[in-house]
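First the structure, in the form of structure tokens, and then the observations on it.
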Amino acid sequence: MTIHQITLTINGGYEQVDVPANMTLLQMLRDKLSLTGTKNGCNAGECGACTVLLDGEPINSCMILAVECAGADIVTVEGLAHDGVLDPVQQTIIEHGAVQCGFCTPGILISARGLLDRNPNPSEDEIREALVGNLCRCTGYLRIIDAVKDAASRQQALLT
Amino acid sequence: MATRARTEKATHPVGDSVPRIDAEEKVNGSALFADDFQFGPGMLYARIKRSAYPHALIKRVDTSKARALPGVKAVVTGDDTPGFIGLYLQDRHIFCRDRARYVGDPIAGVAAINEEIAEQAVDLIEVEYEPLPGVFDPEYGASPEAPLLHPELSKYEVVNFIFPEPDSNISNHFRIRKGDVEAAWAQCAAIVERKYRIPHVQHVPIEPHVAVAKVEESGKVTLWASSQSPFAQRNLIAKALGKSQSDIQVVAPFVGGGFGSKAGVSMEALAVVIAMKVKGRPVKLRLTREEEFFTTFVRQGVVTHFKMGCDKDGRLIAMENKFFWDGGAYTEYGVNMTRAAGYSSSGPYFVPNIKTDSYCVYTNHPVSGPMRGFGMPEMHAGLEQCIDELAYAIAMDPVQFRKINCIKTGETLVTGMTMHPTGLSECLTKAAEAIAWGRKDPPSAPNKRRGKGIALMWKAPAMPPNAGSSAKVDLNEDGTVTVSVGGQDIGQGTFTVAAQMAAAALGVPMDWVRVNTPLNTDYSPYEWQTVASRLTWSMGNAVVAAARDARQQILEMVAKAWDEDPEYLDIIDGKVISYKSEESISLKNIVVYGMSLPNDQGWIGGPVLGRGNFMPTYVTGLDPETGQGPRAVVHYTTGAQAVEVEVDMDTGKVEVLRGVAAFDVGKAINPDMVRAQMEGGFVQGISTALFEGLQLKEGFLQNSSFVDYRIATSSDAPLAIHTIIVEVPQDDGPWGARGIGEHAMVPTIPAIANAIYDAIGIRVGSPPFSSERVFLVMQDAGLVD
Chain A
1 MTIHQITLTI NGGYEQVDVP ANMTLLQMLR DKLSLTGTKN GCNAGECGAC TVLLDGEPIN
61 SCMILAVECA GADIVTVEGL AHDGVLDPVQ QTIIEHGAVQ CGFCTPGILI SARGLLDRNP
121 NPSEDEIREA LVGNLCRCTG YLRIIDAVKD AASRQQALLT
Chain B
1001 MATRARTEKA THPVGDSVPR IDAEEKVNGS ALFADDFQFG PGMLYARIKR SAYPHALIKR
1061 VDTSKARALP GVKAVVTGDD TPGFIGLYLQ DRHIFCRDRA RYVGDPIAGV AAINEEIAEQ
1121 AVDLIEVEYE PLPGVFDPEY GASPEAPLLH PELSKYEVVN FIFPEPDSNI SNHFRIRKGD
1181 VEAAWAQCAA IVERKYRIPH VQHVPIEPHV AVAKVEESGK VTLWASSQSP FAQRNLIAKA
1241 LGKSQSDIQV VAPFVGGGFG SKAGVSMEAL AVVIAMKVKG RPVKLRLTRE EEFFTTFVRQ
1301 GVVTHFKMGC DKDGRLIAME NKFFWDGGAY TEYGVNMTRA AGYSSSGPYF VPNIKTDSYC
1361 VYTNHPVSGP MRGFGMPEMH AGLEQCIDEL AYAIAMDPVQ FRKINCIKTG ETLVTGMTMH
1421 PTGLSECLTK AAEAIAWGRK DPPSAPNKRR GKGIALMWKA PAMPPNAGSS AKVDLNEDGT
1481 VTVSVGGQDI GQGTFTVAAQ MAAAALGVPM DWVRVNTPLN TDYSPYEWQT VASRLTWSMG
1541 NAVVAAARDA RQQILEMVAK AWDEDPEYLD IIDGKVISYK SEESISLKNI VVYGMSLPND
1601 QGWIGGPVLG RGNFMPTYVT GLDPETGQGP RAVVHYTTGA QAVEVEVDMD TGKVEVLRGV
1661 AAFDVGKAIN PDMVRAQMEG GFVQGISTAL FEGLQLKEGF LQNSSFVDYR IATSSDAPLA
1721 IHTIIVEVPQ DDGPWGARGI GEHAMVPTIP AIANAIYDAI GIRVGSPPFS SERVFLVMQD
1781 AGLVD
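Keeping their order, the protein sequence lines are chains A and B.
So that you can map any letter, position 83 of the first sequence is 83 in this note's numbering, and since no number is skipped, the others follow by simple counting.
So that you can map any letter, position 285 of the second sequence is 1285 in this note's numbering, and since no number is skipped, the others follow by simple counting.
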């Protein structure tokens, strides 16, 4: 297997990684960089647990090869908080009791962050739409939806 | 006094919706799940060779080519696992030996230096089968014509409350015989008789099963697993391998969803057996999502027959029920579900005459095991539709009918047990009120029809009569408290509840309390299993006992140091205070180092360590012929759900607009987390009602991916779920608490079915109520073209 050396930005830091040609971004994050916050739920792009931001867009990291990410800017759940201050969506997910087992949570947080970055004031339908690829078996979604709404308004309040 | 009241509030978090203690680590990505542990480059990867036939004799297994493949470090087969394993009925080998009984039955296992090589090795294993006729329907399986799947059934080791029928595929037959059913039919003004077929569904935890096993030269086994049941796994694996329980250490970090699938033992023992061949090296077995759908537990399918009748005033007179549970290839765990369905077979109603036969039947389907609700959602699915029909048959409102018949405090249950105080009537009344029962709102579009439905439920923890819990409370130098439990947080929030209870019982602020993780059977106190919605009640009792034990030690020490009576002392907000002398001292520094006696006369006390346990001692056996006995179960949690749905007449699509859930939880230790259970369970129930079902053709699963097996997404959740907490205390629950986790999805299928009837006037019967099915049913009825 050919090994490629790639450089990319992960959670704001510059990384240089040797990756086999068939290694997915998910495997690289978890196995090469010990960023295990990103979860493997299906390895088929169907559950959303492995969602990360790639150049600002939420993608399933199990469906993209690491080599394709050379030069990219990746954000994982570990990169959402800054200087110990949680992202508003992390904060509201806690406050709304929208975490149960926590396995889908990293992917949900990333999808929500991606949504709020491109649409700071989403409607409930837009929130549901943005999360439709993130399966959660515990919460029933309503608290997550409320948390994202709340995060949007807090974010708006911070900006104005 | 005002100050005192505030202080007490601060130190008494029971009843407060404190945030989960594990929330922050779960949102910042640092919470560790089994797959997140790093084992270094020495770790091997396991894959499993699985049966390609639903039922076949295994004539030959040739592993020579696999063994010869570079990178392969171990290959095991059924020859390595002569012992039996199973929770209630020991009917399976870890790797099957002479016979495979479902597509996916493990035949051989491989460990290699990477997953690709392990996969290749599995493909190189040659298995010669002699296919046998299969059983794919439980009613057929129970008939004398069916081929026997377990000819040795009568020789299997079984607990004393499960009754297999020798020389049949019936691994448990539970009977209820109460009153005179035959005579009672004559007194009935209306009788409803119906049959339902409830499909297998899968739990679908978002985290697939993962197990890493390592065996030392000494024989000591360590198993890291995504596990609801580290102690049960230790116990069952030890017995199967002829080891001592103390030689097996199970480490169980956070579980990414369990719902029963990670209870008992399903795939974990496979990793252990493989690891025994490569001592010193960790062996990881991680199931693929495809394997997850059919090689761990699935929920039992069932064919239910109900016949029930009432008099002209709407009083239930008689019921006759037959349940044929599709137990799958092995029913080591599933047998107890069929028992639970039997002893709860009246549903939450007073029924004077009842006859039930609940059969657990072997089939060549995936192994049926525990799933959220443990038989109750499947049983209630039909039962609560029949109740609705019976109400209409005598022209009575279904809510009124349920008010008359629902079980009330002090009534005699189907087993002869007396019902403890219950708030079921209150749940029903409040749920009906919240859904605005009787008010018909117009549909949102001309091509839609709107309807409301309601259903009741009950469920008791189903477990051995003596399932035990224990807990430990350690005090640290700074007065903080470390609680150790053996019950697992699978998302339901049990660690938070344990911390709340310990803080309240001890008298310290909530944020002084930590809960020891991950669970480790070498260090954590014993817990039977994280199942049956039993932890808040059973483990909670143990935690309270441990905290009170620690509290007593502290009070006695301080009383001696102050020369006072412990009775006048209290612990409030982390300080010991005396109501008599008004002295006060912080727990800091005294709970580890003790206290010095006056005038330097030495020291008393020492590190405070509280211990507590709990085990119900009052559950009795039931007569095998009649199912009668003084106390069948520890208690029942009861509740009601109501829904409003819209049916799209063009597509058959059913949309749940809003839901109401009302449950009697005895006491909500953390009301917000109780509500979260009610909501999450509701949506899981909606998912099983509308979308889910394993499509098995002659034992082969057709839909083993999220594309083909759809679960509810964010767009399927109702607009709102209104939750109502009813609190009629449980006499032996901590602060009166009972469980709620599983109950939350028990009545959802029939509530939706009844609402569909209200909307379109058709009984849809067996789930799932997919768009296609509902449309076809409407077409058959001539409602649409």
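Ideal placement from N, C-alpha and C gives every residue a C-beta, glycine not left out.
Being a predicted model, the structure only gives us computed values, none of them experimental.
Query                                                                                                                                              : Result
8 Å contact criterion, which residue 102 of chain A and residue 1254 of chain B should meet: CB distance rounded                                   : 6 Å
Uninterrupted beta strand (DSSP E) stretches inside the segment 56-81 of chain A (no shorter than 3 residues)                                      : 57-60, 73-75
Chain B contact for residue 42 of chain A (CB, 8 Å cutoff)                                                                                         : yes
At least 3 beta-carbon pairs within less than 8 Å: the segment 1678-1687 of chain B vs the segment 1709-1729 of chain B                            : yes
Among B:1244, B:1052, B:1497, nearest to residue 1522 of chain B - alpha-carbon criterion                                                          : B:1244
Residue 1197 of chain B (DSSP reduced to helix, strand or coil)                                                                                    : strand
Distance, residue 1361 of chain B Cα to residue 1196 of chain B Cα                                                                                 : 16 Å
Rounded separation between residue 1459 of chain B and residue 1705 of chain B - CA only                                                           : 31 Å
Best match in B:1591, B:1592, B:1577 for proximity to residue 1585 of chain B [C-alpha to C-alpha]                                                 : B:1577
Test: residue 14 of chain A CB closer than 8 Å to a CB of chain B                                                                                  : no
Residue-chain proximity (residue 151 of chain A, chain B), Cβ-Cβ < 8 Å                                                                             : no
Selection of the segment 1656-1684 of chain B by Cβ proximity to chain A, strictly under 7 Å                                                       : 1672, 1673, 1676, 1679, 1680, 1682, 1683, 1684
Straight-line gap, residue 1270 of chain B to residue 1529 of chain B (C-alpha atoms, nearest Å)                                                   : 20 Å
Other residues of its chain near residue 16 of chain A: CB distance less than 7 Å, five sequence neighbours each side excluded                     : 5, 7
8 Å Cβ cut-off: residues of chain A touching residue 1028 of chain B                                                                               : 37, 77, 78, 80, 81, 86, 90
C-alpha distance - residue 1008 of chain B paired with residue 1616 of chain B, whole-angstrom precision                                           : Unreliable positioning characterises residue 1008 of chain B in this predicted model, as indicated by a pLDDT of 40, which lies under 50. A coordinate reading is not provided.
Test item: CB-CB of residue 1110 of chain B and residue 1051 of chain B under 8 Å                                                                  : no
Residue 105 of chain A in three-state terms, based on DSSP                                                                                         : helix
Neighbour list for residue 1035 of chain B in chain A, Cβ cutoff strictly below 9 Å                                                                : 30, 36, 39, 40
Whether residue 53 of chain A touches residue 110 of chain A by CB criterion (8 Å)                                                                 : yes
At least three beta-carbon pairs within less than 8 Å, the segment 1076-1087 of chain B to the segment 1142-1149 of chain B                        : no
Where residue 1621 of chain B falls, given that 16 or more other Cβ within 10 Å makes a residue buried                                             : exposed
Residue 1375 of chain B vs residue 1338 of chain B beta-carbon contact at 8 Å                                                                      : yes
DSSP-derived helix/strand/coil call for residue 1153 of chain B                                                                                    : helix
Entirely enclosed beta strand (DSSP E) segments - the segment 1419-1494 of chain B, minimum 3 residues                                             : 1448-1459, 1469-1475, 1481-1485
Under 9 Å (Cβ pairs) to chain A, residues found in the segment 1243-1261 of chain B                                                                : 1254, 1255, 1256, 1257, 1258, 1259
Helix, strand or coil at residue 1506 of chain B [DSSP, three-state]                                                                               : helix
Inter-residue Cα distance where the pair is residue 1443 of chain B and residue 1686 of chain B                                                    : 20 Å
Contacts around residue 1795 of chain B, its chain only, beta-carbon distance under 7 Å, and the 5 residues preceding and following it disregarded : Here chain B has residues from 1001 to 1785 only, and residue 1795 of chain B is not among them.
Supposed contact pair residue 1236 of chain B and residue 1085 of chain B - C-beta distance, whole angstroms, cut 8 Å                              : 5 Å
C-beta contact flag for residue 1689 of chain B and residue 1775 of chain B at 8 Å                                                                 : no
Residues of its chain near residue 1358 of chain B, where Cβ-Cβ distance is below 6 Å and the 5 sequence neighbours each way are ignored           : 1174, 1323, 1338, 1341, 1342
Option in B:1475, B:1534, B:1539 with minimal Cα separation from residue 1513 of chain B                                                           : B:1475
Nearest residue (CA-CA) to residue 1654 of chain B, options B:1314, B:1452, B:1694, B:1407                                                         : B:1452
Sequence ranges, beta strand (DSSP E) only - wholly within the segment 1159-1210 of chain B, length at least 3                                     : 1170-1178, 1190-1198
Pairwise C-alpha distance: residue 1652 of chain B and residue 1640 of chain B                                                                     : 26 Å
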